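Numbering (UniProt numbering), first residue to last: 1 to 543. Heads up, the beta-carbon is just placed ideally off N, CA and C, and yes, glycines get one too. Here the structure is a predicted model, which is why all the values come from computation and not from measurement.
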Amino acid sequence: MPREANDPVNLAGEDRLTDTVPFTRFASPSRFEQARHDTPELSLEEQGIFARLRPLNKNARRAFKALKAKAQDDDTAEEYKHHRQFIGTDSGVTDKADSADDGPAEDSDHYVLSIGLLPEFPTLGWRIGRGRNKLKNLGVDLLIPEGEGVAGVHARLCWMKGAGGFFIVAVNLRDGVDVFLNGEQLRNEQRLIPFQNGISIGECNFTLDFVQRSHEEEEQFQVELSAFYSKVMKENAPLMLPTPSGNEVRLGNWLVRNPIASGGFGRVSIVTHVHTGRAAAAKELWCTPRNSGNVHREVKMAEAIKDLKHKRLNLPFEIYHQKLKEANAQQARIEKLLDSSWSPGSSDTTDLYILYSPLSTGTFQALTRSRFSNKVYTPLFAQVLEGLAFLHDNGIAHRDIKPGNLTIRSYDPPDAQIIDFGCATFDNPILYSRYDRPGTIPYLAPEQVEGAKYCRDVDYWAAALVGIEIMGYSRPSLQVTAAIYDEIHAWLDQQKSDPIVLCCKEMLQFEPEKRLTAKQAVAKYFSSGINGAVTKRRRSELT
């Protein structure tokens, strides 16, 4: 995949390490040192620890024990004061520093990584290596003295601007200075560190053991991490920075993390690109003989629209396809439960498609549940109409306009997008039948009934229903009837006359040919108010 302009790659080579000004510590080291050594009963949040780098092989254990010895020796303790603070020993585990180097790895031996006890240069992260005598603190935070094959400054462990996750960055370009993550060699590049990991620094092997928290503890950690991004990285935290967990799955260059929604054919999950840390939404489509028509239509639409460019459309940018063979794990499991004569039925999966799209977290559902003023929701609604007009100009009917499919990327300035093109079609007119019933019932137009034909005008009807909903009208749970239609227009007549009220009146018409189109609405009612910034007065309405 081509690199985006803001993708965080190669941010710090060796030549930049000595040019960076140290940052004042994010939190007082004494509080976290006390939490680790004096009051072990404190929670992980109070300790500030998010991961532990544990030595695995003989070379790594020997180097770690050498560091402990230097840090404890009265003659050298002051020289290694900076490095000593990152030495950790698990509470309740006996320290066996004198055990044989070739014995089993000691769980008590590890380097501590904490957002409360930051490295010398927090924006660079924790520099790891053998150290360089001419540099302050030997130029590293996690010291590997006497490490075989380890360079002075070998790699970095860090969060990165604009990226969602914790990375390892190979910064040393000399031949023979190797960094491996799960067997993949890295040279002047970065990788997202997954939950299951093996890290090789020269001949020293480690694993980064991420702290696992309860849901409440993880929420608190995210608050602290957001503060770290604000104070140290000088930016807002990315949309996604969850602690890695054992539920992760890697597909290609994407790490699948949190499921956020489910549908008839699969689920939608948050994913992170292992090279750049870019967060995205991944929609899984499990294709079976029964649903193959709908799945293939959605995939065909995704392929057709992914190269369209419009700021009001959140379009898929990558499509993954895996042909599931008859000998796949699912079928093998079922065969064990039944017998060898079993053969796949109509409900068995034949293909897996994954549609990757930009990640958005807020939708118009937030507008329907809160009482924002029309100065807040009007430009957002107008932007949806702008995107809808573009779709129709390109011959596409969305067919599932509703609050959950309209995202809000920003309130200030207003920035809305249309998502989820699973029901979209190029057909016009369209036959509404038992085999093709797109959309969500409360937002269906009157002409969307069994055996009838309809066209793209159904999107205007649905958009008008969204409009009255964000203005405060409680939508019906069923398709709009003549009685409900009259009730809606009576309610609109009682509202203060403004662009969104007038627009919805003209769009919400029983006869499709009488409905105001999205393009007409933008030109007639919203031509000057689509992209306006939020003023100080309006900003107060958002808080």
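May I have the straight-line CA-CA distance separating residue i from residue j, to the nearest angstrom?
| i | j | result |
| --- | --- | --- |
| residue 67 | residue 177 | 21 Å |
| residue 363 | residue 403 | 6 Å |
| residue 505 | residue 481 | 16 Å |
| residue 149 | residue 187 | 15 Å |
| residue 228 | residue 410 | 22 Å |
| residue 288 | residue 308 | 29 Å |
| residue 360 | residue 120 | 34 Å |
| residue 456 | residue 301 | 16 Å |
| residue 460 | residue 125 | 51 Å |
| residue 70 | residue 354 | 52 Å |
| residue 52 | residue 113 | 6 Å |
| residue 190 | residue 279 | 16 Å |
| residue 351 | residue 245 | 27 Å |
| residue 421 | residue 398 | 6 Å |
| residue 512 | residue 375 | 29 Å |
| residue 528 | residue 500 | 13 Å |
| residue 172 | residue 181 | 15 Å |
| residue 391 | residue 517 | 12 Å |
| residue 357 | residue 78 | 52 Å |
| residue 295 | residue 349 | 12 Å |
| residue 284 | residue 249 | 13 Å |
| residue 65 | residue 195 | 26 Å |
| residue 164 | residue 192 | 9 Å |
| residue 514 | residue 269 | 40 Å |
| residue 388 | residue 370 | 24 Å |
| residue 305 | residue 439 | 19 Å |
| residue 58 | residue 203 | 9 Å |
| residue 372 | residue 385 | 19 Å |
| residue 158 | residue 217 | 21 Å |
Could you round the C-beta distance between residue i and residue j to whole angstroms and report it? I think they count as a contact, below 8 Å.
| i | j | result |
| --- | --- | --- |
| residue 366 | residue 418 | About 16 Å; that fails the 8 Å criterion. |
| residue 547 | residue 49 | Only positions 1 to 543 of the chain appear in the structure, and residue 547 is not among them; the question remains open. |
| residue 557 | residue 396 | Past the boundaries of the shown model lies residue 557; the chain is included only from 1 to 543, so the question cannot be answered. |
| residue 86 | residue 135 | The Cβ separation is near 17 Å, so there is no contact. |
| residue 381 | residue 470 | 7 Å |
| residue 416 | residue 406 | 6 Å |
| residue 147 | residue 139 | In fact, because the Cβ distance is near 14 Å, the residues do not count as touching under 8 Å. |
| residue 243 | residue 211 | 7 Å |
| residue 206 | residue 54 | 6 Å |
| residue 443 | residue 401 | 6 Å |
By a C-beta neighbour count over all protein chains shown, 10 Å radius and 16 as the cutoff for buried, is residue i buried or exposed?
| i | result |
| --- | --- |
| residue 154 | buried |
| residue 429 | exposed |
| residue 368 | buried |
| residue 130 | buried |
| residue 133 | exposed |
| residue 486 | exposed |
| residue 383 | buried |
| residue 293 | exposed |
| residue 260 | exposed |
| residue 183 | exposed |
| residue 525 | buried |
| residue 626 | Residue 626 lies beyond the stretch modelled for the chain, which goes from 1 to 543, so this question has no answer here. |
| residue 462 | buried |
| residue 117 | buried |
| residue 472 | exposed |
| residue 314 | buried |
| residue 258 | exposed |
| residue 340 | Confidence in residue 340 is poor, its pLDDT being 49 and thus under 50, which makes the residue's placement too unreliable to answer from. |
| residue 174 | exposed |
| residue 110 | buried |
| residue 236 | exposed |
| residue 413 | exposed |
Alpha helix (DSSP H) runs contained entirely in the segment 227-311, provided each spans 4 or more residues: 292-305
Those runs of the alpha helix (DSSP H) which lie wholly inside the segment 110-149 and span at least 4 residues: none
Any 3 or more C-beta pairs closer than 8 Å across the segment 450-458 and the segment 489-503: no
Cβ pair count under 8 Å reaching 3, the segment 249-258 against the segment 267-284: yes
Within the segment 147-234, ranges of the beta strand (DSSP E) (whole runs, at least 3 residues): 155-159, 166-170, 179-181, 184-186, 190-192, 199-201, 204-210
Segments of 4+ residues assigned as alpha helix (DSSP H) that fall wholly inside the segment 413-494: 458-470, 482-494
Every unbroken alpha helix (DSSP H) within the segment 347-423, with a cutoff of 4 residues, ordered by chain: 365-369, 374-393
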